[in-house]
Amino acid sequence: MPPAAKAKPRPVAPPLPPAAASGVRCWLAKSEPSVFSIDDLARVKKTAWEGVRNYQARNHMRDDMKIGDAVLFYHSNATPPGIVGLARVASAPYPDATQFDRKSEYHDPKATKDAPRWFLVDLAFVEKFPNPVSLEALRADPELTGMLVVKKAHRPSVQPVDPRHLLRVADVAGSAHARAMVGG
DNA sequence: GCCAACGTTGGC
DNA sequence: GCCAACGTTGGC
26 MPPAAKAKPR PVAPPLPPAA ASGVRCWLAK SEPSVFSIDD LARVKKTAWE
76 GVRNYQARNH MRDDMKIGDA VLFYHSNATP PGIVGLARVA SAPYPDATQF
126 DRKSEYHDPK ATKDAPRWFL VDLAFVEKFP NPVSLEALRA DPELTGMLVV
176 KKAHRPSVQP VDPRHLLRVA DVAGSAHARA MVGG
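Residue numbers (the numbering used here): 26 to 209.
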């Protein structure tokens, strides 16, 4: 029996959106462009998605995200707020180093290296959309009804996205790569 | 800057 | 386990 089979089962996770035909899951990650924008991601190509301090968002990164998953890149506290590009998950989950760094604004005194509290994945740049989709436009699109990001005060900064919603956003945004990543 | 809508913390 | 106080997110 593989060791994993002996692991204590975690509480049942909330239902995920249906997997796309490819098995790739879809997500949305928020970032304030004044802190880290899609242009920053385009420049560095890949980054550790550090500083997430919300348990739901952490659980998505630690438990559910797989290498190759598609991630919509959302600018919050922006003018206008909205989805501006596409990234992909580029690592397995690992502890967020900033939780151990006393000088970091993300330092968590309750976290230890033996018992890390915060996990992250790396995100890699895929594309900046030719036509970003504002929050206002997301809300106005009947095909995007139910998308978490349009719900008032839906806070987790990493959240699941229905692949159909991702493909719709990608079409409106003029994406060149989403269909190849997600299928459909 | 305002403030609604959260999530977290800690006293009890 | 309850819940008031507090802190944060994020649109506006």
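Where a beta carbon is used, it is the ideal one built from N, C-alpha and C, also for glycine. All values reported here derive from a predicted model rather than from experimental measurement.
Determine the extent of the beta strand (DSSP E) in which PRO113 is found, giving its start and end residues. For clarity, residue 113 is Arg in the given sequence; the question names Pro instead. Residues 107–114.
Contact under 8 Å by Cβ, PHE61 with ALA112: no
Would VAL183 and TRP52 qualify as a contact pair, given that the criterion is a beta-carbon distance under 8 Å? Yes. Within cutoff.
Beta-bridge pairing of SER159 - partner residues as DSSP gives them: GLY107
Inspect the CB distances between the region 83–101 and the region 140–160 and report whether three or more fall short of 8 Å. Touching, yes.
Measuring straight from C-alpha to C-alpha, what distance separates LYS135 and TRP143? Straight across, the Cα-Cα distance linking LYS135 with TRP143 is about 11 Å.
Check the C-beta distance from SER116 over to ASP65 and give it rounded, since I have them as a contact under 8 Å. At roughly 18 Å, the Cβ-Cβ gap does not stay under 8 Å, so SER116 and ASP65 are not in contact.
Would you mind stating whether ARG50 and ASP88 have Cβ atoms separated by less than 8 Å? no
ILE108: which of ILE63, LYS177 and SER47 sits nearest, CA to CA? ILE63
Leaving out five residues on either side along the sequence, give the residues of the same chain with a beta carbon under 6 Å from the beta carbon of HIS85. VAL183
Every unbroken beta strand (DSSP E) inside the region 65–151 [3 residues or more]: 71–73, 95–100 and 107–114
VAL158 beta carbon less than 8 Å from that of VAL197: yes
What's the gap between the Cα of ARG164 and the Cα of SER47? 27 Å
PRO167 beta carbon less than 8 Å from that of ALA103: no
As assigned by DSSP and simplified to three states, the class of ALA201: coil
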